[in-house]
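First the structure, in the form of structure tokens, and then the observations on it.
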Amino acid sequence: MRILNLNPASNIGASAWFVEIEGHRLLMDAGTHPKREGRDSLPIYRLIQKEELDAIAVTHCHHDHVGSLPVALRHFPKAHVLMTELSYFLIERVLHNSVNVMTRQRDELGIKEYPLFSHDEVDEIAALFQGFRYNREIEWAASHKTRVGQASPTLEFYDAGHALGSAGIMARGQKETLFYTGDVCFRDQTILRGARFDDVKADVLIMETTRGNRQVPPGFSRETEIERFTAALHEVLKRRGCVLIPTFALGRTQEILALLALLMKAGKLKRQPIYIGGLGRVFTEIYDLEAHRAHRNHSNLKLTEALNLAVLEPGQVDKMRLSGGRIFVLTAGMMSEHTAAHDLAARMIGDERQAIFFVGYADPDTPGGRLKSAKHGATFVFSGSAGEVTR
Numbered sequence: 046m047r048i049l050n051l052n053p054a055s056n057i058g059a060s061a062w063f064v065e066i067e068g069h070r071l072l073m074d075a076g077t078h079p080k081r082e083g084r085d086s087l088p089i090y091r092l093i094q095k096e097e098l099d100a101i102a103v104t105h106c107h108h109d110h111v112g113s114l115p116v117a118l119r120h121f122p123k124a125h126v127l128m129t130e131l132s133y134f135l136i137e138r139v140l141h142n143s144v145n146v147m148t149r150q151r152d153e154l155g156i157k158e159y160p161l162f163s164h165d166e167v168d169e170i171a172a173l174f175q176g177f178r179y180n181r182e183i184e185w186a187a188s189h190k191t192r193v194g195q196a197s198p199t200l201e202f203y204d205a206g207h208a209l210g211s212a213g214i215m216a217r218g219q220k221e222t223l224f225y226t227g228d229v230c231f232r233d234q235t236i237l238r239g240a241r242f243d244d245v246k247a248d249v250l251i252m253e254t255t256r257g258n259r260q261v262p263p264g265f266s267r268e269t270e271i272e273r274f275t276a277a278l279h280e281v282l283k284r285r286g287c288v289l290i291p292t293f294a295l296g297r298t299q300e301i302l303a304l305l306a307l308l309m310k311a312g313k314l315k316r317q318p319i320y321i322g323g324l325g326r327v328f329t330e331i332y333d334l335e336a337h338r339a340h341r342n343h344s345n346l347k348l349t350e351a352l353n354l355a356v357l358e359p360g361q362v363d364k365m366r367l368s369g370g371r372i373f374v375l376t377a378g379m380m381s382e383h384t385a386a387h388d389l390a391a392r393m394i395g396d397e398r399q400a401i402f403f404v405g406y407a408d409p410d411t412p413g414g415r416l417k418s419a420k421h422g423a424t425f426v427f428s429g430s431a432g433e434v435t436r
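Here you go:
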């Protein structure tokens, strides 16, 4: 077995792992690095440019795992792309959104290399996508004419519990096995159930993590965190302030919306509009439509029916009145520049009536990470576009 990590950095981002098993070659994920721009954000595909790739397998549809898939397929146009059936329903929308974001960054930031691929390119490669159910063995190297009749390694997707369609990848050869977790969540979330890795046994394990060496705080439980979240929400709404919950459009947005819907249903939160972004709305509709395919709690909960979702169009964030106890669930989770969450946060910071609730990891070098680490009353550089702010 031969393994190469193609990530251009030493930290998490631009996930891409090349694996050769018994003469067959597989690329696991094809991401972009969220803290880099242009071609610097890509995996180092030149390390394997002379290889003949049989397949590309995708763990899930977050940009750090699929954001460079069209670029990878330029290098390896004969490779077919394998993913879970749930990711199959998401991936084209994710990649088309990437084109929109990169085009906007080119125009606003002058990054001439953007977009790294086009809408037409996404449409063309979609024919290579194949979706599979969890826990089905797939012969990933048997489709090429030169391979007909040869024994093929197999691949199997295991539910990773991270976001809709997320999976760990088990690659099995005749003599060796490898398991790549992708992003994984072992605890049940509000909607999705925890990872189903119980029977996984492999010779090689590849796992990346943001919290792997941290102990769970004493007394921590999901129930107590929900109580703390609810109490904090009431405190802000009581003073007629607004709450911003920065999230990623796929996964955390739907988990927070589900929590808000359940609180309203239980009478613990008054019914009111929840403001979200357009992409968050699209993914929320897919969560509802494909509920029967997912391993989830509250299988009958339809978020678009349970909540009054108000979609904010580009530019509306700058015009919204920050009063009246509004709740915003907006991207991006780390409040990267030129996102709705970043722009709204820049208006809210320093206003004692308002509140920003972090419900996930924020890299220390992002606007969200800098805000989290700043002490009350401290002045710091929130971002290049927003400049200095005082918490």
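Each position in the sequence shown, counted from 1, maps to that position plus 45 in our numbering.
Quick reminder that beta carbons are idealized off the backbone N, C-alpha and C, glycines included.
All of these numbers come straight from a predicted model, not from anything done at the bench.
Annotation: E65 is outside any alpha helix (DSSP H); the continuous beta strand (DSSP E) that includes it extends over W62 to I66.
For F202, the enclosing beta strand (DSSP E) covers residues T199 to D204. In the DSSP assignment, E270 falls within the alpha helix (DSSP H) that extends over R267 to K283. Counting the other CB atoms within 10 Å of its CB gives Q260 a total below 16, which places it among the exposed residues.
A216 is not a Cβ neighbour of A100, given a cutoff of 8 Å. Beta bridge pairing from DSSP links R398 with no other residue. Your pair L348 and Q299 checks out as a contact, with CB atoms roughly 6 Å apart and the cut at 8 Å. Leaving aside the five residues that flank I136 on each side, the residues in its chain whose CB is nearer than 6 Å to its CB run, in chain order, C106. One alpha carbon belongs to A102, the other to S55, and they sit about 22 Å apart. Here the alpha carbons of V288 and D363 stand approximately 15 Å from one another. Residue pairing from DSSP places I319 in a beta bridge opposite L354 and I372. G432 sits in a strand when the DSSP states are folded into three classes.
If you look at L308, you'll find it in the alpha helix (DSSP H) that goes R297 to K310. Of all alpha-carbon atoms in D85, S266 and F427, the one lying nearest the alpha-carbon of M393 is that of F427.
When DSSP states are grouped into helix, strand and coil, R70 belongs to the strand group.
In the three-state DSSP reduction, I331 falls in the helix class (H, G or I).
In terms of Cα proximity to H110, the closest of G323, F403, H207 and E268 is H207.
Taking a 10 Å sphere around the C-beta of E201, we find 16 or more other C-beta atoms and assign the residue as buried. Proximity to F328 across G296, R338 and P359 peaks at G296, based on C-alpha coordinates. Just so you know, the alpha carbons of N258 and N50 end up roughly 21 Å apart. Counting along the chain, the unbroken beta strand (DSSP E) around I101 starts and ends at A100 to A102. When the Cα atoms are used, Y406 and M379 turn out to be separated by approximately 8 Å.
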